[in-house]
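Trainee:
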Amino acid sequence: MRQAVRQAAVRRAARLAAHRMALPAALLFALASASACAQSAIEPRNTRHALVIGIGHYSDPRIPVLRGVERDMASVRQLTRAMAIPDANVSVLRDGQASAERIRAAIRALDAKVRDGDRVFVYYSGHGTRWYDPSIKDDGCTEGLLAADGQALTNVELARALAPMARRAD
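Its first residue numbered 5, the sequence shown is counted upward by one per residue in this note's numbering.
#1: Compute the Euclidean distance between the alpha carbons of residue 98 and residue 59, then round it to the nearest angstrom.
#2: For the beta strand (DSSP E) containing residue 147, list its first residue and its last residue.
#3: Please classify residue 2 as buried or exposed, where buried requires at least 16 other C-beta atoms within 10 Å of its C-beta.
#4: Mark residue 79 as exposed unless 16 or more other C-beta atoms lie within 10 angstroms of its C-beta, in which case mark it buried.
#5: Residues in the same chain with beta-carbon distance under 8 Å from residue 147, minus the five sequence neighbours each way, listed in chain order, please.
#6: Report the rounded CA-to-CA distance for residue 115 versus residue 53, giving the unit in angstroms.
#7: Measuring straight from C-alpha to C-alpha, what distance separates residue 117 and residue 161?
#8: Quick check for students: name the residue ranges of the beta strand (DSSP E) that lie wholly in the stretch 40-77, counting only runs of 3 or more.
#9: Distance, Cα to Cα, residue 72 vs residue 126?
#10: Using a Cβ-Cβ cutoff of less than 7 Å, which residues in the same chain neighbour residue 136 once the five nearest sequence positions on both sides are dropped?
#11: How close, in whole Å, do the beta carbons of residue 124 and residue 77 come, if the pair is a contact with beta carbons under 8 Å?
#12: By the three-class DSSP mapping on this structure, what secondary structure does residue 126 have?
#13: Tell me the start and end of each unbroken alpha helix (DSSP H) in the stretch 83-130 that is at least 4 residues and wholly inside, in chain order.
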């Protein structure tokens, strides 16, 4: 008898906890939906730019394929539209197009377009990398993003390339 009462109490507590969680989850979903609708009503602005890089397949067969990149690219496309970035202002490099040199060139081209007060969105989906570097005092490692040709663009290189845009952008 006690066991049955205890089990009933546990089931009741679980139902109450589920109901308590359902309301915040529903509110969060409603707020996110309202925000997405409000953002999608924004007209695209020529002062907004994006560089989107997605690499799921690398030239070196030893580098594992990333199957989620396809979904990432679809999601980021929706995101750039919600951010009111005109399609003409979105540069996309996919898989084999995203060699280290082409990524560098795309960053330079984006930098040439951006004016004071513009908004810039740079997105990367692909492998990151890290290796031992004795010249780094903190942790002895350099990090970077792996281009489709297997070359790494280091965090320092990317920071230097993006810094001028960051200073001009809103």
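From the three backbone atoms N, C-alpha and C, an ideal C-beta is built for every residue, glycine too.
Mentor: In short, the structure shows the following:
#1: Here residue 98 corresponds to residue number 94 of the sequence shown, with the count starting at 1. Here residue 59 corresponds to residue number 55 of the sequence shown, with the count starting at 1. So the two alpha carbons sit approximately 6 Å from each other.
#2: For this step, residue 147 is matched to residue 143 along the sequence shown. Segment 145-150, the beta strand (DSSP E) holding residue 147.
#3: Since the first residue shown for the chain is 5 and the last is 174, residue 2 is missing from the structure and cannot be characterised.
#4: Looking up residue 79 in the sequence shown gives position 75. A residue is called buried when at least 16 other Cβ atoms come within 10 angstroms of its Cβ; residue 79 does not meet this threshold and is exposed.
#5: Here residue 147 refers to the residue found at position 143 of the sequence shown. Here the set comprises 132, 133, 134, 158 and 159.
#6: Reading the sequence shown from its first residue, position 111 is the one you call residue 115. Reading the sequence shown from its first residue, position 49 is the one you call residue 53. Rounded to the nearest angstrom, the two C-alpha atoms are 10 Å apart.
#7: One-based indexing of the sequence shown puts residue 117 at position 113. One-based indexing of the sequence shown puts residue 161 at position 157. When rounded, the distance between both Cα atoms is 20 Å.
#8: 52-58
#9: Position 68 of the sequence shown holds residue 72. Position 122 of the sequence shown holds residue 126. Answer to the nearest angstrom: the Cα atoms are 18 Å apart.
#10: On the sequence shown, residue 136 is found 132 positions in, with the first residue counted as 1. Excluding sequence neighbours, residue 136 sits near 144 and 145.
#11: Taking the first residue of the sequence shown as 1, we reach residue 124 at position 120. Taking the first residue of the sequence shown as 1, we reach residue 77 at position 73. Contact doesn't hold; Cβ gap of about 19 Å is too wide.
#12: Translated into positions along the sequence shown, residue 126 becomes position 122. Correct three-state label for residue 126: strand.
#13: 104-117
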